[in-house]
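Notes follow the structure.
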Amino acid sequence: DSGVTQTPKHLITATGQRVTLRCSPRSGDLSVYWYQQSLDQGLQFLIQYYNGEERAKGNILERFSAQQFPDLHSELNLSSLELGDSALYFCASRGGGGYTFGSGTRLTVV
Amino acid sequence: DQQVKQNSPSLSVQEGRISILNCDYTNSMFDYFLWYKKYPAEGPTFLISISSIKDKNEDGRFTVFLNKSAKHLSLHIVPSQPGDSAVYFCAASAESYGQNFVFGPGTRLSVLP
């Protein structure tokens, strides 16, 4: 257990739908990062939050949004889902050094 | 334009031999580098890091070498074990500028018994 918790582990939904992925960072970590890993792709940075505020944005589509709550957990909202949104979505938090990743949410859009 | 490249999508090595995974980067501002390992159905796990003030960092069977002039780093695993079979990601960051990490596409290592 890395200390970063992601739910759900698997999600299957239809095109056009909306889903919410949840992440709880390691205790004491204020930053939360969201990454997308599509088939045969590396980890694509989506967005970072630090202590409730958006800190950096990467390749995040306008159909996607995120927020970090006062208890530091974060949610990634994906709407108007398309087949191409099927991917692994990872959340990470950061203490000293590098990231600690959660085990990811596998999203399948059918 | 990929700032971090791992040009070998896959690598097969015999158990007990050395595995060498390579990573090239284009951004000269990158000053901190990480290697992550990922098993199927799990999140990436941190392996080893190196700062640009060093050219080598060692942790047990894992050694990372950094050649700043060539903008190249490599991960050496000696001796390789079947449990090392995984996808390895290289990541780079311009820490001095507060930038986030950029990940490479990964190299799938298979260690054959």
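So the protein sequences, as listed, match chains B and L. The numbers in the numbering used here rise by one with no breaks, and the one at position 22 of the first sequence is 22. The numbers in the numbering used here rise by one with no breaks, and the one at position 49 of the second sequence is 49. Note that CB positions come from ideal geometry on N, CA and C, so glycine has one too. Only a predicted model underlies this, so the values are computations on that prediction, with no experimental measurement involved.
Item                                                                                                          : Value
Backbone CA spacing between K5 (chain L) and I60 (chain B) [nearest angstrom]                                 : 21 Å
First and last residue of the uninterrupted beta strand (DSSP E) at V4 (chain B)                              : Looking at the DSSP string, V4 (chain B) is not in any beta strand (DSSP E), and its letter there is neither H nor E.
contact_flag[the segment 46-53 of chain L, the segment 64-78 of chain L] where n(CB pairs < 8 Å) is 3 or more : yes
CB contact flag (L109 (chain L), A86 (chain L), <8 Å)                                                         : yes
Given R61 (chain L) as reference, the closest of L:H76, L:D55, L:K71, L:H72 once Cα atoms are compared        : L:H76
Given L11 (chain L) as reference, the closest of L:Y25, L:N100, L:K71, L:P82 once Cα atoms are compared       : L:P82
Residue from B:P8, B:D29, B:T15, B:D1 whose Cα sits closest to the Cα of L115 (chain B)                       : Outside the shown range of chain B, which is 1 to 110, sits residue 115 (chain B), and nothing can be said about it.
Residues near G106 (chain L) by beta carbon distance below 7 Å, same chain, minus five either side            : Q6, V87, Y88, F89
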